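Notes to accompany the following structure.
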Amino acid sequence: MRSTEIREYKSPDELLVALDEDINELRKLLAENLRKLEDMRRRVDQQKLIKQTLQKIFPQYKATEPRNAIELREAQLVIGPTIEQEIEALEGVLDLMNRKLNILLSIRKELEVLSQYKSSLRIVVYYFDGIPRRIHISY
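When you read off a place in the sequence shown, starting at 1, and then add 38, the result is the number in the working numbering.
Below, the structure is given as structure tokens:
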């Protein structure tokens, strides 16, 4: 699904099927990314144990915070990201995906009432950021 697009449907059922497909695709992506996040968290836990062990053996060892991020106007450029920075970025993406999923689910639920109309309708949906923001129905 592109971030901004206009889709046309011939019936409410066709629209609901398209929403179901979008929801299922998003759920699949969310599950894949949650697995990645868990793997990354396990790696961080292992790194913490190694750092703690090194600090016990070598008291002079200090893990420093990396200074590898450059603030851009609307983004951040990170050169050689740490695992913690990767986790932070992935958590932000997962949060947005979860919000998007909840929005799609609620829109789909609210539009179910249209499925009772079996006559031919022209439905034009305006998507912004992959979410239906305007739905025009013509007879």
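Glycine included, every Cβ here is placed at the ideal spot set by N, Cα and C.
Bear in mind the structure is a predicted one, so any value in this text is a computation, not a measurement.
If we count the other Cβ atoms within 10 Å of its Cβ and call it buried at 16 or more, is residue i buried or exposed?
i	result
Pro-50	buried
Ile-161	buried
Pro-104	exposed
Asp-77	exposed
Tyr-155	exposed
Asp-167	exposed
Can you tell me where the beta strand (DSSP E) holding residue i begins and where it ends?
i	result
Arg-232	With the chain covering 39 to 177 only, the question about residue 232 has no answer from this structure.
Gln-114	114-116
On a CA-only basis, which of the options is nearest residue i? Give me that one, please.
i	options	result
Glu-124	Glu-70, Lys-156 and Lys-74	Lys-74
Thr-102	Lys-89, Arg-79 and Leu-64	Lys-89
Val-82	Asn-62, Lys-94 and Thr-120	Thr-120
Ile-14	Lys-138, Tyr-165, Phe-96 and Leu-64	The structure shown does not extend to residue 14, since the chain is modelled only from 39 through 177, so no value can be given for it.
Ile-108	Gly-118, Lys-100 and Tyr-99	Gly-118
Gln-85	Asp-167, Asp-60, Glu-70 and Glu-122	Glu-122
Leu-152	Glu-112, Lys-94, Tyr-177 and Asn-140	Tyr-177
Leu-64	Asn-140, Val-163, Ile-175 and Ala-113	Asn-140
Thr-42	Ile-169, Asn-106 and Leu-115	Ile-169
Asn-62	Ile-175, Lys-138, Ala-127 and Glu-129	Lys-138
Leu-128	Arg-79, Glu-59 and Phe-96	Arg-79
Between residue i and residue j, how many whole angstroms is the CB-CB distance? I'm expecting something under 8 angstroms.
i	j	result
Leu-53	Glu-150	Not a contact, Cβ separation roughly 10 angstroms.
Leu-57	Arg-146	4 angstroms
Leu-132	Asn-71	6 angstroms
Tyr-99	Leu-92	5 angstroms
Leu-68	Asn-136	7 angstroms
Lys-48	Ser-158	7 angstroms
Practice task
Output the residue ranges of the beta strand (DSSP E) runs that lie fully inside the segment 131-168 and measure 3 residues or longer, sorted by chain position.
Solution key: The qualifying runs are 160-166.
Exercise for the section: Can you check the segment 50-135 for any beta strand (DSSP E) of at least 3 residues that lies completely inside it and give the ranges in chain order? Expected result: Entirely contained in the segment 50-135, the beta strand (DSSP E) runs reaching 3 residues are, in chain order, 107-109 and 114-116.
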